[in-house]
Every structure is written in C-alpha cells, then in structure tokens.
Amino acid sequence: LNTLDRAWESAGPAGVEPGMAKSDKASVNNEMVSAARQVTTSEMKELNERQRAEHAQKMYEHTRNSLRQVEER
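Per the UniProt record's numbering, the sequence shown starts with residue 1, numbered consecutively.
In structure tokens, the structure reads:
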C-alpha cells in the first residue's frame, strides 16, 4: 500500500498530463505499473497464506477427529 501511495504522490494530482514530456509520462507509467505489480503480488501472497492456514485448520480438525475416534475404541 505504501508503494501505491508513493507512486500516486509522485504522479501528482492529475497523473499523466497532456503537456508532460514523454520521458516523464514513461516514468509515471512505469511507477504505476510497478506499484500495480507489487499490489498484485502482495494480494497473491495473502491469498496463498490464507489458503495454507485454512488447509492447516482442516488437517488439525481431521487429526483431532481421528484421535477422538481412536480413543473411543
């Protein structure tokens, strides 16, 4: 999120303006693309962590239930 904020601030309030030099436009575009990639990467990592946590919880429940069944025998 900080990366996106920095890219937004460096782009200025209007972002890419018609009177900007091509190099400035390219720089702003590159910063925005970089920020978007970093946000996407962070979201994918968060999703992966959530899925792993859910899987670990399911395995814990399965193991607990199996142990309970063994104790009942």
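We put the CB at the ideal spot given by N, CA and C, even for glycine.
These numbers were taken from a predicted model, which means no experiment stands behind them.
Would you mind reading off the limits of the alpha helix (DSSP H) that contains residue i?
i	result
Met44	Lys22 to Glu72
Taking residue i as the reference, which of the options has the closest Cα?
i	options	result
Val28	Met59, Asp5, Tyr60 and Ala56	Asp5
Determine, for residue i, whether the minimum Cβ-Cβ distance to residues of chain C falls below 7 Å.
i	result
Thr41	In summary, chain C is missing from the structure at hand, where a single protein chain is found.
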